[in-house]
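In terms of our numbering, the sequence shown is residues 30 to 735. Where a beta carbon is used, it is the ideal one built from N, C-alpha and C, also for glycine. Accompanying notes for the structure given below.
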Amino acid sequence: MNRVHDRYHDQIQRAGHEARVGDIDRFAALGITRLRYPVLWERLAPEPDVAPRWAQVDSHMIRMQERGITPIAGLVHHGSGPAYTNLTDPHFADHLAGYARLVAERYPWLRWWTPVNEPVSTARFSGLYGHWYPHARRDDIFVQILLNECRGIVQAMRAIREVIPDAMYMHTDDAGVITSSCALSYQAEFENERQMVAMDLVSGRVDRHHLLWSYFRRHGVTEAELEWFQEFRSPPDITAGDYYVSSDRFLDQHVECHHPAAAGGNGVHQYADVATAECEGWTANFEGVLRRLWDRYRCPVAIGEVHLNGTREAQLQWARACWDAALRVEADGIPVAGVTFWALLGTFDWNELVRHERGFYEVGVFDLRGPAPRETALAKSIRGLAEHGTLMHPVLPVRISAVPIQTPDVTKQSPRQAPLAIVGAGGTLGQALVDCCNARGIKYVALTRDALDVTREQFVQDVIGQVKPWAVINASGYVNVDGAELDPERCHAINVAGAVHLARACERTGARLANFSSDLVFDGEKASPYMESDAPAPLNVYGRSKHEAEGRVREVLPEALIVRTSAFFGLDNHNFVVQTLRRLHAGQRVPASTAIVSPTHVRALANAVLDLMVDSAEGVWHLSSAARLSWADFARDVALHAQLDQSLVYAAEPLALSWRGIRPDYSALGTERGQTMPDFSESLAACVAEWQSRFRHGSHHSASST
């Protein structure tokens with residue numbers, strides 16, 4: 030919970046956790062034994078001399094006791110305290126200690142505590158960078174904030190131990206390493222010491238010989254203030270390093286080579302401060318974090334936060350690399366207290382350091398975008414880790430020694446790793462899946478129509494048996510809605526029989542299956558977005574084939590994923606967007622239907638399906654944009670983004686469009702499972718811009734076969 034000006038950004042409230050005591054059961058089901066849990070000062074005691082609002086956490090604390098989870102109580106997490114105090118208040122530590130005593134008295138069984146999370150990072154963001162309250166950009170304010178936080182930690186633990194004598198303290202802070210170009214090695218050395226200085230302060234290690242003693246003195250700290258920490262030292266019982274992809278930093282005097290926002294300096298040199306992950310050759314170094322903390326403090330160590338904003342498989346790789354590193358360190362005799370899989374419920378707006386509330390959500394161990402928290406692949410893998418001691422998933426390499434930020438080369442992955450099979454890889458959707466797998470480093474086998482004729486059941490069995498995939502995505506299909514009216518047998522053979530053949534092959538081999546369906550399974554009578562639970566009533570041969578396939582696939586393979594989508598667009602030559610752009614560029618009129626649909630970017634669709642497959646999702650899902658507009662308005666939006674003449678678009682009747690198959694007047698899709706697709710307008714703008722770039726360079730040909 031951080032403060033920006035007079036606004037408090039409350040992650041707990043935004044996650045809805047306070048109203049869901051059942052979250053504790055979800056966490057317990059993962060097999061976790063300790064839980065860093067917020068008992069936040071700003072939330073529970075926002076006013077002075079008023080009893081804390083214990084009802085916000087009582088039921089959750091009781092449930093943790095019942096489920097055998099040991100909480101590690103966090104009192105301030107990137108915050109500055111309630112409005113009656115702040116990080117520069119000389120009485121901040123006294124106020125925090127008073128609150129800590131109240132919490133200890135309320136929950137005398139609480140043994141583990143983190144009074145202030147990441148004091149150095151919070152002091153940086155609040156006192157050096159101006160991101161959070163009090164929005165300062167001065168070393169003396171940074172120092173003032175840091176000392177207040179560290180005094181708060183020491184005084185809070187003293188107050189807690191007066192109530193709970195055996196209370197234990199886990200210290201957390203960012204544990205990245207700062208490196209630099211040669212000219213800035215002195216600054217990197219200073220920054221690495223500053224990164225650790227909060228732990229040094231509370232441990233009583235900052236004396237006259239400490240590298241930062243003169244820094245503190247130069248910025249207004251008295252000797253008595255520093256010596257106080259030596260007298261009342263409160264060394265951590267666990268020292269935890271929080272490690273993110275942005276934690277390691279590189280300082281470079283070649284400012285012109287980096288984004289202007291990275292520019293800074295120290296009064297002597299100007300330099301750019303960038304994430305080392307942006308530099309070629311960087312790999313994550315969880316092992317180095319743990320060893321460095323042990324070498325410096327000689328107390329049990331831990332990774333305090335493990336989280337990555339990325340694709341599902343990237344999150345799994347990040348978590349697996351951390352766990353494997355912890356095992357290697359522990360094997361060398363270093364006491365590793367644990368690995369903290371962070372952001373169980375995800376995070377909000379951390380892409381901008383929670384300076385604004387824009388609703389940017391990073392999925393965590395659970396995905397909150399549906400009616401209830403949904404387990405992701407991380408949740409299932411963590412449960413397996415608790416049961417078997419190994420974090421496994423078929424999408425992961427057999428062995429991970431380090432995690433680069435660069436995408437793995439799918440051509441160099443272990444032959445022992447099972448692939449994902451993409452059926453219909455030559456079509457628009459299949460090619461999008463191939464492209465996304467390449468971009469994400471997911472090992473796959475692309476099966477075009479020539480490689481796998483889905484209408485031949487034994488052939489399907491043989492090919493899937495040879496490939497041995499962990500999952501199959503069926504992107505093949507008879508997609509010509511009007512042609513299906515003339516050739517219903519062929520449509521049925523591909524869309525129904527072919528899908529059933531794949532389901533049987535997956536059932537035999539144990540592979541997961543995703544099969545695509547359509548908005549055309551609905552009749553349009555509803556006139557509001559169709560949900561997964563709405564009853565299908567198709568109007569045409571194509572829609573009936575998709576509806577029948579849904580039922581028959583799930584009869585064979587109940588855990589299959591059925592994805593209904595709507596009007597997907599991309600850069601295929603036969604796609605509506607490309608055809609519209611060509612006509613508009615030629616100055617030709619564009620006829621378009623008034624039927625309402627939910628246009629969906631095919632690349633976004635492919636990425637969403639891959640996430641769901643990695644998550645082992647099942648059942649019917651609607652994956653489409655949240656847009657509800659007619660084909661005519663869709664064409665006008667294309668013209669708008671391309672800066673072409675919208676007046677060339679006109680509404681046309683089905684007869685004028687040469688439609689044989691009846692379409693519903695309204696087939697826009699909604700979802701009861703949570704909107705996971707990106708914004709339609711942004712996706713369309715990107716698609717149009719990419720086409721225009723190709724058009725200008727004379728290359729605008731795309732695959733269109735299945």
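Alpha-carbon to alpha-carbon, residue j and residue i
i	j	result
Arg533	Gln490	8 angstroms
Arg403	Gly456	31 angstroms
Ala526	Ala578	8 angstroms
Thr477	Val582	21 angstroms
Phe121	Gln704	42 angstroms
Asp666	Gln675	8 angstroms
Phe154	Asp361	36 angstroms
Asp271	Val318	9 angstroms
Val284	Arg278	14 angstroms
Pro289	Ser276	19 angstroms
Arg618	Asp662	14 angstroms
Pro144	Asp229	16 angstroms
Thr114	Trp142	22 angstroms
Phe724	Val717	10 angstroms
Trp138	Ile193	8 angstroms
Gly17	Asp195	Residue 17 cannot be examined here, being either before or after the span of the chain that is shown, 30 to 735.
Leu356	Val392	26 angstroms
Ala664	Glu719	17 angstroms
Residue i classed as buried or exposed, judged by whether at least 16 other C-beta atoms fall within 10 angstroms
i	result
Arg469	buried
Cys179	buried
Arg223	buried
Thr268	buried
Cys466	buried
Gly690	buried
Tyr37	buried
Glu342	buried
Tyr215	exposed
Tyr28	With the chain covering only 30 through 735, there is no way to say anything about residue 28.
Cys286	exposed
Range of the contiguous alpha helix (DSSP H) that encloses residue i
i	result
Ala17	Nothing about residue 17 can be read from this structure; the chain reaches only from 30 to 735.
His89	87-95
Asn221	214-231
Asp169	168-192
Leu639	631-643
Ala253	252-260
Asn467	457-469
Ile332	Element bounds for Ile332: not the alpha helix (DSSP H) but the beta strand (DSSP E), 330-335.
Range of the contiguous beta strand (DSSP E) that encloses residue i
i	result
Trp141	141-146
Asn31	31-33
Trp650	648-651
Phe389	Here Phe389 belongs to no beta strand (DSSP E), and DSSP marks it neither H nor E.
Arg278	278-281
Tyr198	197-203
Phe545	541-547
From the options, residue whose alpha carbon lies closest to that of residue i
i	options	result
Ala152	Ala165, Trp142, Arg140, Trp141	Ala165
His651	Gly616, Phe551, Phe261	Phe551
Ser557	Arg657, Asp516, Phe488, Ser710	Arg657
Pro400	Ala44, Leu131, Asp39	Ala44
Ser739	Ala313, Arg140, Trp161, Trp142	An answer regarding residue 739 cannot be provided, because it is not within the stretch 30 to 735 covered by the chain.
Gly459	Ala718, Asp601, His614, Ser696	Asp601
Phe709	Val626, Ala513, Ala681	Val626
Tyr136	Leu116, Ile101, Pro148	Ile101
Leu590	Gly388, Leu542, Phe724, Gly249	Leu542
His670	Ala306, Ser232, Gly572, Gln721	Gln721
Ala204	Val483, Ala415, Met225, Arg63	Met225
Thr473	Gly310, Ser547, Val643	Residue identity check: residue 473 is Tyr in the sequence provided, not Thr. Checked all of Gly310, Ser547, Val643; the closest Cα to Tyr473 is Val643.
Phe389	Trp242, Asp35, Asn31, Gln40	Gln40
Gly699	Ala668, Ala615, Glu561	Glu561
Met93	Val250, Thr62, Asp35	Thr62
Glu647	Leu639, Ser654, Phe315	Leu639
Report yes or no: do three or more beta-carbon pairs, one from the stretch 184-193 and one from the stretch 116-136, lie closer than 8 angstroms? yes
Segment contact flag, the stretch 50-59 with the stretch 83-95, C-beta cutoff 8 angstroms, min 3 pairs: yes
At least 3 beta-carbon pairs within less than 8 angstroms: the stretch 379-396 vs the stretch 324-343: yes
May I ask you to verify whether the stretch 365-377 touches the stretch 502-509, counting CB pairs closer than 8 angstroms and requiring at least 3? no
Are the stretch 445-452 and the stretch 580-594 in contact at 8 angstroms, needing three or more beta carbon pairs? no
The stretch 110-121 / the stretch 54-72 touching (three or more Cβ pairs under 8 angstroms): yes
Evaluate the contact criterion for the stretch 532-546 versus the stretch 491-498: three or more CB pairs, one atom per stretch, below 8 angstroms. yes
Check whether the stretch 295-312 and the stretch 249-262 touch, using three or more Cβ-Cβ pairs below 8 angstroms as the test. no
Give a yes or no on contact between the stretch 510-530 and the stretch 560-580, applying the rule of three or more CB pairs nearer than 8 angstroms. yes
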